[in-house]
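So the structure is just underneath, and the comments pick up after that.
Number of protein chains: 2
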Amino acid sequence: MRTVNVDLGERSYPIYIGSGLLSHIGQYFKDHGISLNSPLMIVTDDHVAPHYLTLLEKLLLEAGYDTVSKVVKAGETSKSLSVLEEVMTTAIEGKLDRNSTVIALGGGVVGDLAGFAAATYMRGIKFVQIPTTILAHDSSVGGKVAVNHPLAKNMIGAFHQPEMVLYDLDTLQTLPPRDVASGLSEMVKHGLIRDGDFARWCREHASELLALDPEALEYGLALGCSIKADVVSRDERENDLRAILNLGHTIGHAIEAVAGYGEYMHGEAIAIGMAGSARLAVRLGRDASIYDETVSMLQSLRLPVTMSSHLSTDDIMDAMKHDKKFREGHMLFIIPDSIGSVSIVKDIPEQLVRETIDQLREGGETHV
Amino acid sequence: MRTVNVDLGERSYPIYIGSGLLSHIGQYFKDHGISLNSPLMIVTDDHVAPHYLTLLEKLLLEAGYDTVSKVVKAGETSKSLSVLEEVMTTAIEGKLDRNSTVIALGGGVVGDLAGFAAATYMRGIKFVQIPTTILAHDSSVGGKVAVNHPLAKNMIGAFHQPEMVLYDLDTLQTLPPRDVASGLSEMVKHGLIRDGDFARWCREHASELLALDPEALEYGLALGCSIKADVVSRDERENDLRAILNLGHTIGHAIEAVAGYGEYMHGEAIAIGMAGSARLAVRLGRDASIYDETVSMLQSLRLPVTMSSHLSTDDIMDAMKHDKKFREGHMLFIIPDSIGSVSIVKDIPEQLVRETIDQLREGGETHV
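Note that the protein sequences, when read in sequence, are chains A and B. Letter 176 of the first sequence, counting from 1, is numbered 176 in UniProt numbering, and no numbers are missing. Letter 241 of the second sequence, counting from 1, is numbered 241 in UniProt numbering, and no numbers are missing.
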């Protein structure tokens, strides 16, 4: 078992990563001062619930906790204000009070939705994350929680740090292969922005990671979480440095928005976005090997590096302009300087971005 | 012109109170570092918009600001997640970015809705309050923002402090008399909890206050804001002391919920609630004059002290149990010890609360 501490002053919290953690959940909760006198709410989705909800309820009941549960439909469409209202209904009917805790049992969607519910229920109550995907190693660090607006992703949200994250690797064993690869996309991203050796380690251990080898997973998740925790602890509210975590996200979010949430998994869309950022880097004069290495790393993890030909460049450009990273009229991109290091670059000529999007289309040019 | 400072460390902000402030809004915005490079969004309602929206847009345009505006229906029903989504649509289409500011032009409903939009748009942007009601002197201090859930008021919200509050007394001159009295209910409440002399001043100057005399208003609003600011600065997130601001609110919120938002104005409902708290105080052994004085103060401001006979005690008891102040299974009330001083009392016997609610009904007993 490994523990990664996210250092945020009085909002600091630990991420426990290992196998078999869930069976000790009562002890973890008591050690973290989760009150036995106020009901807990578990939020999960209909893919995760059949595997782990009954178990979690039983473990918490045995530890003396009262719980209510809300199961939402799996997928990005549950990150909406209307589903949030349903979650709040469960909380109110379950008589959650200001000392209650919301538990997110699931992946990034459940974490974002449950976290935003915790951030806003009675103006903010406690929150614990139990991630059941690899992708959630990213979203469980840093306290960003949100729901989507029909016009743009993650537009309505808050910063709300959990009390702790319980990452039980056993819950990853039921993940479909596409979810595994999508999660590894954020893992290799953490290497690409701050730690080239870790990015190369991901490529070298791609087959173990894709096969959910517990040792490789524990190491990779702990290192990915550590890198993110380090960045977040230096800039909790994304005034500057934290923006580097958005490598691949400007293009990736736009692809998700234009394709309609669902066609691409988040990690797939940002893999394409990272390939795009690497193309932009080379076009801006960085070494051509950046693109080749990035693509080889992504492909080793069975991630896409081009997008479907039906997506139009105009639509993607338009979606990018709605992005939160479009600040005061400037287009902002995270651009690799080498494998393991990136810069925040403003004011990239729009034409260059357009051409790069064109090249990302399947059947487009395969070289920069 | 008077300035009240709300002292909250790096989240401190001033409340400017006086006549003719709006015409200097450009200067106030520049002094507070509101960026000229990012669009502003004005949120207001269809009662306030005809009086002041065009003027405010013109003044901001002259000062060099781009604005978009969202006009919502006046009244509590606009404090919903679906109206919040509409406000967010205006913000996104208006290309508000992370450096943008939301302006709440209106009363408590607009302040709560616009403030929650500012708290959650892109996980939080700046917020300026321009209150146009007396009631808003209360809601504009302390950063509590929220929308309602169909099952309970203010259930979904945040703490989000404004950059400043611009209280232009000229905008109060168009208030209907019932709104004036409702606003004065929170003003006298601030006296009742912390400053008996101020509560008595409110009674003595009731006719000037009801007639919107500028001098009386400026003094009363500044003192009301100061009392609230002092309480909030000692306990921003309502861990203990801040709860005293809820005098009359446990019963008042329940009356609003059971009557359906709309039958009672907020200030009227909490006036009935304050009469109820005074009754409880006497039943718990405090001096009988507390009830008589409280009622005479409320009545001098033309506020109700009894509720409509069609409201059932069972329904009100039930609604109170959904209240945020119902913590860990205990019923919590703010009880006056004298005029100008209150205690937070837990575990009042339910039967005593029931009897008090019964007595609040019109035609019920007029003495404690």
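Where a beta carbon is used, it is the ideal one built from N, C-alpha and C, also for glycine. Only a predicted model underlies this, so the values are computations on that prediction, with no experimental measurement involved.
Residue-level contact to chain B via CB, residue i, 8 Å cutoff
i	result
His253 (chain A)	no
Arg11 (chain A)	no
Arg234 (chain A)	no
His32 (chain A)	no
residue 373 (chain A)	Residue 373 (chain A) lies beyond the stretch modelled for chain A, which goes from 1 to 368, so this question has no answer here.
His205 (chain A)	no
Met320 (chain A)	no
Ile348 (chain A)	no
residue 369 (chain A)	With chain A represented from 1 up to 368, any question about residue 369 (chain A) goes unanswered, as that position is not in the structure.
Identified DSSP bridge partners for residue i
i	result
Leu332 (chain B)	B:Lys346
Leu105 (chain A)	A:Ile130
Leu40 (chain B)	B:Thr67 and B:Thr101
Pro14 (chain A)	A:Asn5
Arg361 (chain B)	B:Met307
Ser341 (chain A)	A:Ser338
Asp45 (chain B)	B:Val72
Residue-chain proximity (residue i, chain A), Cβ-Cβ < 8 Å
i	result
Leu84 (chain B)	yes
Phe333 (chain B)	no
His137 (chain B)	no
Ala152 (chain B)	yes
Lys144 (chain B)	yes
Phe159 (chain B)	yes
Tyr121 (chain B)	yes
Gly115 (chain B)	no
Met155 (chain B)	yes
Met88 (chain B)	yes
His149 (chain B)	yes
Leu40 (chain B)	no
Ile92 (chain B)	yes
Residue range of the unbroken alpha helix (DSSP H) whose run includes residue i
i	result
Ile227 (chain A)	Pro214 to Arg234
Pro50 (chain A)	Ala49 to Glu62
Thr90 (chain B)	Leu81 to Glu93
Lys73 (chain B)	Careful: Lys73 (chain B) lies outside any alpha helix (DSSP H) and carries neither H nor E.
His266 (chain A)	His266 to Arg283
Ala199 (chain B)	Gly196 to Glu204
Glu263 (chain A)	Unbroken run through Glu263 (chain A): none, as it is neither H nor E.
Gly26 (chain A)	Ile25 to Asp31
Ile244 (chain A)	Per DSSP, Ile244 (chain A) belongs to no alpha helix (DSSP H) and is neither H nor E.
Ile290 (chain A)	Ser289 to Ser300
residue 371 (chain A)	Past the boundaries of the shown model lies residue 371 (chain A); chain A is included only from 1 to 368, so the question cannot be answered.
Ile316 (chain B)	Thr313 to Lys321
Whole-Å CB distance - residue i paired with residue j, under 8 Å assumed
i	j	result
residue 388 (chain A)	Arg123 (chain B)	Because chain A is modelled from 1 through 368, residue 388 (chain A) falls outside the range shown and cannot be assessed.
Ile339 (chain B)	Gly196 (chain B)	4 Å
Pro336 (chain A)	Leu192 (chain A)	7 Å
Val4 (chain B)	Ala222 (chain B)	6 Å
Pro214 (chain A)	Tyr167 (chain A)	That belief does not hold up - the Cβ atoms of Pro214 (chain A) and Tyr167 (chain A) are roughly 12 Å apart, past 8 Å.
Ala243 (chain B)	Ile334 (chain B)	7 Å
Val128 (chain B)	Thr101 (chain B)	6 Å
Leu135 (chain A)	Gly106 (chain A)	That belief does not hold up - the Cβ atoms of Leu135 (chain A) and Gly106 (chain A) are roughly 11 Å apart, past 8 Å.
Leu59 (chain A)	Ser23 (chain A)	7 Å
Met155 (chain A)	Tyr121 (chain B)	7 Å
Residue-level contact to chain C via CB, residue i, 8 Å cutoff
i	result
Glu362 (chain A)	The structure shown contains no chain C; its protein chains are A and B.
Identify every run of the alpha helix (DSSP H) within the region 113-189 of chain A, keeping only runs that are complete inside it and at least 4 residues long; order them along the chain.
-> 136-139
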